[in-house]
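Residue numbers (this note's numbering): 7 to 326.
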Amino acid sequence: MTVSSENSPPRVESLALPVDSAWRQGRGLPNALSVDVEDYFHVEAFADRIRPETWPQFPTRVVQNTHRVLELFAEVGAHATFFVLGWVAEREPGLVRQILAAGHEVACHSHMHRRVFTMTTREFREDMRRARAAIEDAGGEKVLGYRAPTFSIRQESLWALEILAEEGFLYDSSVFPVKHDLYGMPSAPRFPYKWRFRSGSSLYEIPPQTVRVFGRNLPVAGGGYLRILPMWYTRWALRRIREREGRSAVVYFHPWELDPQQPRLSGKLKSRFRHYLNLGRMEQRVRELLRGGEFVSLKTFLDTHLAAKPVPATLVTAAN
Ligand SMILES: [Zn+2]
């Protein structure tokens, strides 16, 4: 793939994966756990009303909410990857150190929470570099993983993946293989795979969790899906993934989702529904989920996959 300033859409080849019989037997692989560390006013749901210049005016709750997440993980013995917004890492470097000191991984969630497909390649690279520098300066450890705001690496922004590879990232977790009004690439693989670029560089992909039902991929066990959909659905889907496909789950959520006391923002009805519903139930749901198995960081999850079986490769090529 050639990365150009025009953001030319790449053509994706070889997305169909071979059936992997080893996985079907199930090997008790650990689940992957991730947290997108951002505040309640950073979210895409309210981005049409809240300009980034006004963020400093909002009372911040990300530190106390992330502490709550750390306590919960310590209670159940879970480990995770915390994708930290660079804007947060610049202001709260101590929080990055606390996450690392508790034995978790820190990774990059961009700097200004802008969706990738709204940026030029240059803007994307600058935003990512600023965030990575803030996180690495705070924690003193190399950042290996990236998750785009609102899973915004989709067909027209696949160019971002080669930039991440060039910049030395090991993995991405932004390509959600679902159909959604804000994000998604339904044809993308559902389990970890590797992007390979013509330049010779490569990048592992760890997709957020989906369950296959009647020929469609449905999201499960992440953020709003865990919080809003009934818990029987989450239990049913994870059991199906484990028993039918021999796979473990990739889970994500946000610190603000455990905070029913957060200040209420005005916004569209759909946005308020997505953001505020069941905040009071989320902590119990996360606790139940984490007690159901072993949870590790995305880096450890990737290592266990690579040790068990090589990840199938996917090729991304330029359109012309
Ligand atoms: Zn986010």
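Glycine is no exception: its CB is placed at the ideal position from the N, C-alpha and C atoms.
All values reported here derive from a predicted model rather than from experimental measurement.
For residue j and residue i, believed in contact at Cβ under 8 Å, the rounded distance
| i | j | result |
| --- | --- | --- |
| Arg233 | Leu283 | 7 Å |
| His115 | Asp42 | 5 Å |
| Pro36 | Thr310 | 6 Å |
| Gly145 | Phe175 | Actually they are not in contact, since the Cβ atoms of Gly145 and Phe175 sit about 16 Å apart, beyond 8 Å. |
| Arg280 | Gly230 | 5 Å |
| Thr72 | Lys305 | Not really, about 19 Å apart at Cβ, beyond 8 Å. |
| Trp165 | Thr127 | 6 Å |
| Phe52 | Gly273 | 5 Å |
| Ala243 | Val226 | 4 Å |
| Val112 | Val149 | 7 Å |
| Asp178 | Glu129 | Not a contact, Cβ separation roughly 18 Å. |
| His117 | Val302 | 27 Å between Cβ atoms; not a contact. |
| Pro213 | Glu50 | Their Cβ separation, rounded to whole angstroms, is 19 Å, which puts Pro213 and Glu50 out of contact at 8 Å. |
| Val184 | Pro192 | 6 Å |
| Gln268 | Arg67 | 6 Å |
| Arg297 | Val82 | 6 Å |
| Leu106 | Glu147 | 6 Å |
| Arg136 | Gly92 | 6 Å |
| Thr332 | Arg202 | The structure shown does not extend to residue 332, since the chain is modelled only from 7 through 326, so no value can be given for it. |
Unbroken beta strand (DSSP E) run spanning residue i, endpoints
| i | result |
| --- | --- |
| Asn223 | 222-225 |
| Glu111 | 111-114 |
| Thr327 | Because the chain is modelled from 7 through 326, residue 327 falls outside the range shown and cannot be assessed. |
Cβ-heavy atom distance, residue i to ligand 1, below 6 Å
| i | result |
| --- | --- |
| Asp328 | The first residue shown for the chain is 7 and the last is 326, placing residue 328 beyond what the model contains. |
| Pro155 | yes |
| Glu44 | yes |
Helix, strand or coil at residue i [DSSP, three-state]
| i | result |
| --- | --- |
| Leu39 | strand |
| Tyr346 | Nothing can be reported for residue 346, as the shown portion of the chain is limited to 7 through 326. |
| Tyr231 | helix |
| Ser205 | coil |
| Arg136 | helix |
| Thr327 | Past the boundaries of the shown model lies residue 327; the chain is included only from 7 to 326, so the question cannot be answered. |
| Arg297 | helix |
| Phe259 | strand |
| Glu249 | helix |
| Glu59 | helix |
| Lys276 | helix |
| Gly32 | Because Gly32 carries a pLDDT of 42, less than 50, the predicted location of this residue cannot be relied on, and the following value inherits that uncertainty. In this structure, Gly32 counts as coil in the three-state DSSP scheme. |
| Glu96 | helix |
| Ser27 | Residue confidence is low: Ser27 scores 38 on pLDDT, short of 50, so the model does not pin down where it sits. Its coordinate-derived value is still stated next. If DSSP states are grouped into helix, strand and coil, Ser27 belongs with the helices. |
| Ser20 | Bear in mind that a pLDDT of 40 at Ser20, under 50, signals an unreliable position, so the number given afterwards is only what the model happens to contain. Coil, per DSSP. |
Residue range of the unbroken alpha helix (DSSP H) whose run includes residue i
| i | result |
| --- | --- |
| Arg216 | The sequence shown places Thr at residue 216, not Arg. From DSSP, Thr216 is part of no alpha helix (DSSP H) but of the beta strand (DSSP E) over 216-219. |
| Thr310 | 304-314 |
| Phe79 | 68-82 |
| Tyr189 | Run containing Tyr189: none; DSSP gives neither H nor E here. |
> Unbroken alpha helix (DSSP H) runs of length 4 or more, entirely within the region 127-186: which are they?
Replying inline: Listed in chain order, they are 127-145, 165-172.
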